[in-house]
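Inspection log for the structure reproduced underneath, given as structure tokens.
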Amino acid sequence: MRSEPEDGGGKAVVSIDEDLRTVGWQGREPVRLRPKSFKLLTVLARNAPDAVTKDLLAEKVWGGSAVSDESIARCIHDIRQALGDSAHAMVQTIPGHGYRLKAQVEGAAAVAAPARRRETVAMLPFTAPTMEVRWHHFAEGLTSVLLSELTRADLVEVLSPTLIYREGRSESEMVEAFRAQGAAYVIGGMVQGSPERSDARSLRAGAWMISAADGRMMWTRRWDAVVEDFFEVQDEIVMATISELASLWSGRMADFAEVRSGHLATSSLDAYELFQRGVILTRQFSEAAYEEAIECLRRAVAIDPGYGDAWATLSTIYGLFSTAAQGEVLEELLALRKEAAEKAYALRPRSGWALLAGAWARAQAGHLEETRSLIREAAAEARSNADLLVASAWFAALNTDMLEEAERWALRAVEMHARRPDWYYCPLGYARFFRGETEAALEALRRAPQNYAEALAFRAACEAELGLDAALADTRARLVTTFPGFSAADYLSSEPLGTEEKRARLAAGFARAGLPA
């Protein structure tokens, strides 16, 4: 499509190639834009010369997910840079409203493209029909990767397995639950050792898609390989599934190199198994599990020092440990967390978990605006990932002043996950406490892990403020007995809380509750 924006006193012809995702002007070499930047440009072009609000851009470009002004501004910057528009004459900012492309749009682009019908596709967790733990780790990892890549490809609306999962629920019951949620199709699969070969190195994986309405098989494939080729099989499953969706609905699939770039976080199967084990252990919220998880993740990054997701998870566990530490131990944990966070973000800047690790590091350095931006980017990546969304809420509630967003994300994550893990309620309680909604905060914190020092400390602060002396005595005793190293002063000095108002409120709450200084 072609546009003729006014640039100063004359007109410059702007060429937009939707297939190559490039933009050029006045005969200059076309510049290829990032997917989000290019999508934003096409929205501006199709609405030119009218202004487009930020809310509409968020809806059209990010699918209605939470998105920061900084993320939109970064895309606008990319477009202006590609057009050489340093004077902002072509892409104009409308204060308090949004942006517009000051151009004459010719051809088909002059008419807004009709909205493509977006089917809703649900994902069942991949299964491992065996007792051997490693296959369950592989199945969980494959589910996570495929869910992430389907969401990023943006071909369909994706429903996560956490939305309807119940212990003991049969596959047919889960399909019916997804159908009730509006899913037209359901994707599933399995991974195991090959039943036709007895050696431990054999691998069989399968993926399929059925109609949610009648269970009719729409597509199925099987892969046989050796374990060492697991990543290649995983890549083929992702490619085959996304390609199948693209052909089913004739949607223009995003450049697949962009879709899959970065999803293969390591090339070492040993490191991958250790990472999956570490992630599962972290969810137990116990010091013994943390210690074992740290050992697994340290071994993973020793095998592959470039494993960004392992570094990000390691940073998170050091943070969980540090809430009940003091003195030299606390200083060492914070140093280790900072090192792991910075490595994670440097290695995997597009990963939601690495974005959150980087956000904490920026918060520690006192850079609140950058912290907000990174957390919002992570939340925008979490449309179908309840764990990542609630983690974004956690960082937002503790490390910034984004309390309304933190509460909204946490509530959304609880809605997305049928099992509602107890740790999902931590950020909800923290955000509500800092907003002064003490009763609502306590309601959430009563459902949070009772073996986690930070959650117990916040709960005690709420109970003290509400005058619940008996409950406070029990909570304080549990905190002191289970975590004798907890110190209110050390926690307040080590956790970047974003604002002095938040720090003062929490300090007053800890003091009122009589927590160890």
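The numbers in the numbering used here rise by one with no breaks, and the one at position 393 of the sequence shown is 447.
Here a beta-carbon is modelled for each residue, glycine too, at the ideal position from N, C-alpha and C.
Just so you know, these numbers come straight off a predicted model, no measurement behind them.
- Taking a C-beta distance under 8 Å as the contact criterion, L110 and L94 do not qualify as a contact pair.
- A Cβ-Cβ contact shorter than 8 Å links M456 with I429.
- For G243, DSSP records a beta bridge to A261.
- Per DSSP, M470 is one residue of the alpha helix (DSSP H) stretching across 457-470.
- Around the C-beta of I148, fewer than 16 other C-beta atoms lie within 10 Å, and the residue is accordingly described as exposed.
- Between E508 and T377, the gap from beta carbon to beta carbon is short of 8 Å.
- Per DSSP, the continuous beta strand (DSSP E) segment holding Y153 begins and ends at 152-155.
- Listed in chain order, the alpha helix (DSSP H) elements of length 4 or more contained wholly in the region 353-387 are 362-376.
- In the displayed model, V210 falls within coil according to three-state DSSP, outside both helix and strand.
- The Cβ atoms of F488 and A433 lie no closer than 8 Å to each other.
- In this structure G490 is exposed. Its beta-carbon is surrounded by fewer than 16 other beta-carbon atoms within 10 angstroms.
- Following the DSSP letters along the chain, one finds R532 inside the alpha helix (DSSP H) bounded by residues 523-536.
- Distance from the Cα of W116 is smallest, within the candidate group T197, E431, S548, T536, for E431.
- Residue pairing for R275: DSSP places it in a beta bridge opposite A261.
- Between Q330 and S541, the C-beta gap is not smaller than 8 Å, which leaves the two residues out of contact.
- When DSSP assignments are scanned along the region 384-424, the uninterrupted stretches of alpha helix (DSSP H) that are 4 or more residues long and fall wholly within it turn out to be 406-418.
- Taking 8 Å as the cut-off, the beta carbon of A518 is found closer than this to the beta carbon of R566.
- A residue is called buried once 16 or more other Cβ atoms fall within 10 Å of its Cβ, and M185, having fewer, is exposed.
- Taking a 10 Å sphere around the C-beta of E327, we find 16 or more other C-beta atoms and assign the residue as buried.
- One alpha carbon belongs to F192, the other to G332, and they sit about 13 Å apart.
- In this model, M144 and S119 are separated by some 27 Å (Cα to Cα).
- D278 is positioned such that its CB atom lies closer than 8 Å to that of S248.
- DSSP places A561 within a helical segment (H, G or I) once states are collapsed to three.
- Going by beta carbons, P481 and A460 fall inside the 8 Å limit.
- If you look at S69, you'll find it in the beta strand (DSSP E) that goes 68-71.
- T535 is classed as exposed because its beta carbon has fewer than 16 other beta carbons within 10 Å across all chains shown.
- Per DSSP, Q146 is one residue of the beta strand (DSSP E) stretching across 145-148.
- Counting only residues of its own chain and dropping the five nearest sequence neighbours on each side, Y478 has a CB closer than 6 Å to the CB of V444, A467, V468.
- Across the structure, Y239 and L551 are spaced so that their CA atoms are roughly 43 Å apart.
- P538 has its alpha-carbon roughly 16 Å from the corresponding atom of A342.
- DSSP, reduced to helix, strand and coil, places T295 within a helical segment of the structure shown.
- Burial state of T553 is exposed, judged by a 10 Å Cβ sphere holding fewer than 16 other Cβ atoms.
- Annotation for A502: D476, W477, Y479, C480, G483, A509 place their beta carbon closer than 7 Å to its own, counting only its chain and skipping 5 residues before and after.
- By the 16-neighbour rule on beta-carbons within 10 angstroms, A356 is exposed.
- By alpha-carbon distance to T274, the top candidate from C516, A417, G260 is G260.
- Secondary structure of M177 (DSSP, three-state): strand.
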